[in-house]
Amino acid sequence: MLAGRSVRRRAGRALLTVLAVALAATLLTSLLIASGAARSRVLDQVSAGGPLAGIEVAAAKPDPGALDSDKPRPGPPRPIDDAALHRIERLPNVKSVVPVVVNPVVIVPPVPAVRGATARSAQANQSALIRETLVGADFSHPGDLPVSVLVGRLPHAGSLTEVAVTLGYAQRFGLDRRHAGAVVGTELVIGAPRLYSALGQVRGRWTRAEIVGVVTQQAAAGDVIAPIEQAQLARQWTRQGDLATEFGVDPSPYSALFVIANGLGHVGAVRQEINNIGFSTSAPETLIESVQRYLHVVEIVLTGIGLIGLLIAALGITNAMLAAVRERRREIGVLKAIGARDRDVRRMFLIEAGTLGFLGGALGSVFGYLLARALANVVNRYLAREHLAAVSLGLPVAVLAGAIAGATLLALVAGTLPAQRAARLPARQAMGDR
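Residue numbers (my numbering): -18 to 415.
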């Protein structure tokens, strides 16, 4: 009660002290929430399984050492077929397996190749024919693919008349990332080749497809991305030629597989199992571990900045409490004269300091959360313009509660020295001061 009355009697000083703690808690809370959201945004797909926890599976390349005279010649690479796909699906800690089919194609771009005001400038870069690679993937589960949409959308699963292109295709016509959307809505003529060696001819299977989006992708090398059904039809046509291998088309039904593990921790084991089956693999394990380390460094730096703010606020509390001790020497003397013990005086000042810290921490937690949400709205608007997934903050109860508890504890620590000084003040000296 005495501590509360003291706070009310010195409302101005108490208010400034609370605001100092609140500002420091706001800084720390908003930084922790922002860094936590960033970590979740980057690594959630890894922990739950997603493209970042993906493994590229290809036919194993022959070992050059096996061609030595004292070693048996290697057999043909193991085909990537449905049997291999189902076997990999049944491996432990495999979330999903997405087949990938690639095939060489010839593209006839439209005239003009882009829409809108950029068409005239792009016309100078118009090319009659483009040799390219068609990359087909199963778009029924796009979240399992290493594909990000920059502009537009992905083709509908199973569509034979829709494709997406990479930024590399747009750059052929002098378009940068900002203007890449000018190719969306145009129509390509795509030809899959078939070689007839006896006639010395190459025939094409020609289809038309609308560009519905511009993407970045790491499924396979190629600037045209389509549903797997399109690529399979093109591959079947090319394979029926006399020398399909001249176009780099092997007999396997699939060119590669993209395997999603149940988290980064299982990628190594899954890769080993797939290698044991007889396929070669690659995965961005080192990249993800580096990202985790850098994110941890960022969290340490941001937390340090917030803690510096809290330490400054703690110094303010100490200064305010020392001033209160000097001003209330007679009051302390009266309390001791009527029987108050040192620990009673100490407790009174600690309660006052803790109250200031608690109020400042509570206000700072609320303000910090609101600030983090405001920053998230700004970031999400940018992500929406870039056609990326938004950041979700949620309600970080642990961070908010920790900020309040931390501010209260720090205030108690900061108030310890003034409280100890007040407790040791002799009653006769306190009563004699004017």
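The beta carbon of each residue, even a glycine, is placed where N, CA and C say it ideally should be.
6 Å CB neighbourhood of residue 11 in its chain, flanking five on each side removed:
349, 352 and 353
DSSP has residue 206 in a bridge; who is on the other side?
DSSP lists 116 and 145 as partners of residue 206.
Could you spell out where the beta strand (DSSP E) holding residue 175 opens and where it closes?
168 to 177
4-residue-minimum alpha helix (DSSP H) runs that sit fully inside the stretch 283 to 371, ordered along the chain
310 to 318 and 323 to 366
Can you pull the DSSP bridge partners for residue 184?
DSSP output for residue 184 lists 175 as bridge partner(s).
On the criterion of 16 or more Cβ atoms from any shown chain inside 10 Å, does residue 393 qualify as buried, or is it exposed?
buried
Do you know how far the Cα of residue 400 is from the Cα of residue 420?
Outside the modelled stretch of the chain, which goes from -18 to 415, sits residue 420, for which no answer is possible.
Taking DSSP as the reference, what is the three-state secondary structure of residue 84?
strand
Within 10 angstroms of its Cβ, does residue 338 collect 16 or more other Cβ (buried), or is it exposed?
buried
Rounding to the nearest angstrom, what Cα-Cα distance links residue 403 and residue 306 in this structure?
6 Å
Does any residue of chain B have a CB that is nearer than 9 Å to the CB of residue 358?
Considering every chain present, this structure includes no chain B. It has just one protein chain.
How is the alpha helix (DSSP H) around residue 201 delimited, first residue to last?
Counting along the chain, residue 201 falls outside any alpha helix (DSSP H), and DSSP gives it neither H nor E.
Along the chain, where does the alpha helix (DSSP H) that runs through residue 403 open and close?
First-last of the alpha helix (DSSP H) with residue 403: 378 to 404.
Assuming residue 200 contacts residue 127 under a Cβ cut-off of 8 Å, what Cβ separation, rounded to an integer in Å, is found between them?
6 Å
Hey, residue 174 and residue 85 are a contact pair by Cβ (cut 8 Å); roughly how many whole angstroms apart?
Residue 174 to residue 85, Cβ: 6 Å. Contact.
Residues that DSSP places opposite residue 237 in a beta bridge:
81
Pull up the distance between the alpha-carbon of residue 388 and that of residue 198, whole angstroms please.
46 Å
Check each candidate in 78, 334, -1 and 161 and name the one with the smallest Cα separation from residue 96.
161
Please work out which residues of its chain come closer than 8 Å, Cβ to Cβ, to residue 204, disregarding the five sequence neighbours upstream and downstream, and give them in chain order.
Taking residue 204 as the centre and dropping the five residues before and after it, the same chain places the C-beta of 113, 114, 146, 147, 149 and 150 closer than 8 Å to its C-beta, in chain order.
Which two residues bound the contiguous alpha helix (DSSP H) that contains residue 69?
63 to 70
Would you kindly report the start and end of the unbroken alpha helix (DSSP H) that includes residue 249?
248 to 258
By how many angstroms is the C-alpha of residue 17 removed from the C-alpha of residue 277?
For residue 277 and residue 17, the distance between alpha carbons rounds to 10 Å.
To the nearest angstrom, report how far apart residue 166 and residue 140 are at their CA atoms.
15 Å
Give the straight-line distance between the Cα atoms of residue 295 and residue 395, rounded to the nearest whole angstrom.
5 Å
Under 8 Å: do the stretch -6 to 4 and the stretch 340 to 348 share three or more Cβ pairs, one atom per stretch?
Three or more Cβ pairs closer than 8 Å define a contact, and the stretch -6 to 4 meets that threshold against the stretch 340 to 348.
For the beta strand (DSSP E) that residue 40 lies in, which residues bound it at each end?
35 to 40
Delimiting residues of the beta strand (DSSP E) encompassing residue 133
128 to 133
Cα-Cα separation between residue 36 and residue 123, rounded to whole angstroms
16 Å
Roughly how many angstroms separate the alpha carbons of residue 357 and residue 15, rounded to a whole number?
8 Å
Check residue 95 in the structure and name its three-state DSSP category.
coil
Buried or exposed for residue 211, please, with buried defined as at least 16 other CB atoms from any protein chain shown within 10 angstroms of its CB.
buried
By DSSP's criteria, residue 262 is part of a beta bridge. Which residues make up the other side?
38
Starting from the Cα of residue 206, find the closest Cα among 221, 302, 171 and 218 and give me that residue.
171
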